[in-house]
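Only one structure is covered here, and it is reproduced in the block below.
Numbering (the numbering used here), first residue to last: 34 to 656.
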């Protein structure tokens, strides 16, 4: 991009950014995670800055880098700076104006230049290409850590994706859409969407297995572009009555106005339209109809240009989606207030104890399963919408029809939640599977048997995951993690919380590891009984003195292709440690975040002698 217009006093844009933020901050001096006024750092230092684990500047190749940055989210009052976890930036000062936020976002998009010379293009990147960024910090993309270790990844609640996770998902989707220009390229987004229209089964026993393998195959295409990307899920049972009435969809899938949109539309729409947009920067909308109502200056002959730009800026948005809109003769309240799925509905579904009732009957005894009908069908209809009513020939949302449903990117989050419901049902009803595991799942190159374990498919579901420590350094007797930065709604409403320890090296001597939460001062002398910070312990069985030559007890590298030998006898371990009760006790006492301390004790050895060697620690919350 070229040089932006400078301020009237001819200071650099970097200096103007500093002045804008210093003026807004006024005399307030909050700590910002002990970093002070971090915006006065050099550009390279600012790019490496996180405030309470929120990355202030998105990685360099992130699409719409400014809008994806924590600093811009904070100035606009977007999550997590919307009051759910933190107040808007700057803390204790005054809000920054829309035009100044756009100026800062443009500066970030241009690479945070310290002078106003145009920055060089990123090496190897051609104009108009879509890149997926490697995360600057694995704490902002926990699945990158899991990919590096070769362990299963988490599909997260779309409402809690980090800026890096969302940017990488959008970019990977955009790359598949870019392949639509080649009609015979089976990797393209449209090609995958058409598979659903041609092959998907509804109303019988393979409905859930088929869609699980369909999502899995699409997710593999995304991971070909970025290995850490997973399909998120949308838990629609968490929607409030007011959100339902407002046609709510998650922020990730909405259209809106930002600097990227304004740059795309420059010279393509009227000056009146640009002026209208500039007064609404940072606002988002659940549908294109709601967008038009908020921007009446857009002429009818400009609308398609605007739609194309909106769908380019956010590849998860489509104008063929009208959630909760069903014409003037029926409100969403009158149509759906008795049908939109609730948490109580979910509990009744999870209590069903036969596959025929839950998942559907087989082909010789066909019967719709409850999940297939409601919530699955209900939410397809509600998300798609029909703004001019349900009459034939009138515009309807992609999600309203089976043949077009997967052309809407929100399809994957909707079906991710359906698949998550099946995974939870499997936990409760071990071994209650579809009637014929050898059934062929047409179009997805799999059988029912292939679909029965999400673990074997390489994923799990988690509301949110926080990487607390990665590559923790040399073995230690006590390991303290930073605060996780848990979103309040997750902290207050999760079903299960787990501390994960990744790739623990088997110790020579047997050890006991005590787990404390929110007690960074804990050591071997810390009381255990009556201590709400004590979450429990686990033990590690030592391997004893090595009996072989050099390297005999060192684990082998990750398995090579065609190396089918069993695991090494000292293969590092992964541990899942349930901390649900401990977290609940701390929340009841007013805790607003979680950190962990691991105290290592070796029986018979002096304090501090035992050491724990591991690759990482993470905290997972499950709905």
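Even for Gly, the Cβ is constructed at its ideal location relative to N, Cα and C.
Residue 85 is positioned such that its CB atom lies closer than 8 Å to that of residue 66.
Around the beta-carbon of residue 288, 16 or more other beta-carbon atoms lie within 10 Å, marking it buried. Apart from the 5 residues on each side of it in sequence, residue 102 sits with its Cβ closer than 6 Å to the Cβ of 90, 91, 141 in its chain, given in chain order. Looking at the backbone, the Cα of residue 588 and that of residue 353 are separated by about 53 Å. Taken atom to atom, the span from the alpha-carbon of residue 528 to that of residue 49 is near 47 Å.
As the crow flies, the alpha-carbon of residue 520 is around 22 Å from that of residue 68. Collapsing the DSSP output to three states places residue 485 in coil. Our two residues, residue 584 and residue 603, have alpha carbons roughly 11 Å apart in a direct line. Counting only the Cα atoms, residue 296 lies some 22 Å from residue 323.
For residue 483, the CB contacts under 7 Å within the same chain, skipping 5 residues up- and downstream, are 246 in chain order. About 6 Å separates the beta carbon of residue 185 from that of residue 493, a gap short enough to meet the 8 Å contact definition.
Secondary structure in the region 196 to 278: the alpha helix (DSSP H) runs of 4 residues or longer, each lying completely within the stretch, are 196 to 211, 222 to 232, 240 to 258, 274 to 278 in chain order. Contact check between the region 250 to 260 and the region 339 to 357: fewer than three CB pairs, one atom from each, fall below 8 Å, which does not count as touching.
Inclusion of residue 540 and residue 512 in the CB contact set at 8 Å is not warranted, their separation being larger than that value. Beta-bridge partners of residue 346 (DSSP): none assigned. With a cutoff of 8 Å on beta-carbon distance, residue 629 and residue 510 are scored as not near each other. Note that the region 299 to 307 does not touch the region 438 to 455; fewer than 3 beta-carbon pairs, one per stretch, sit closer than 8 Å. For the 8 Å CB-CB criterion, residue 607 and residue 536 form a contact. Classified as buried, residue 656 has 16 or more neighbouring CB atoms from the shown chains inside 10 Å of its CB. Note on residue 525: under 16 other CB atoms within 10 angstroms of its CB, so exposed under the neighbour-count rule. 222 is the residue among 222, 381, 627, 212 whose C-alpha sits nearest the C-alpha of residue 439. Excluding sequence positions up to five before and after residue 392, its CB lies within less than 7 Å of the CB of 238, 240, 241, 402, 404, 467, all in the same chain and listed in chain order.
Each of 201, 203, 189, 595 was checked against the Cα of residue 523, and the nearest Cα belongs to 189.
Shortest Cα-Cα distance from residue 453 to any of 409, 430, 145, 280 involves 409. Counted as a single uninterrupted DSSP element, the alpha helix (DSSP H) harbouring residue 176 occupies residues 175 to 182. When Cβ pairs closer than 8 Å are counted between the two stretches, the region 308 to 325 is seen to touch the region 275 to 291, the count reaching three or more. The C-alpha of residue 533 is placed about 33 Å away from the C-alpha of residue 387. About 32 Å separates the beta carbons of residue 173 and residue 44, which is beyond the 8 Å limit, so they are not a contact pair.
Three or more Cβ pairs closer than 8 Å define a contact, and the region 122 to 142 meets that threshold against the region 50 to 63. If you draw a 10 Å sphere on the C-beta of residue 75, you find fewer than 16 other C-beta atoms in it, and that means exposed.
For a cut-off of 8 Å, the C-beta gap from residue 280 to residue 437 is around 19 Å, too long to register as a contact. Beta-carbon to beta-carbon, residue 568 and residue 548 are separated by about 4 Å, close enough to satisfy the 8 Å threshold. DSSP places residue 140 within a helical segment (H, G or I) once states are collapsed to three.
Burial check for residue 254: the Cβ neighbour count within 10 Å reaches 16 or more, so the residue is buried. The beta carbon of residue 205 sits closer than 6 Å to those of 165, 255, 258, 259, 262, all from its chain and outside the five residues before and after it, given in chain order.
Beta bridge pairing from DSSP links residue 186 with 492.
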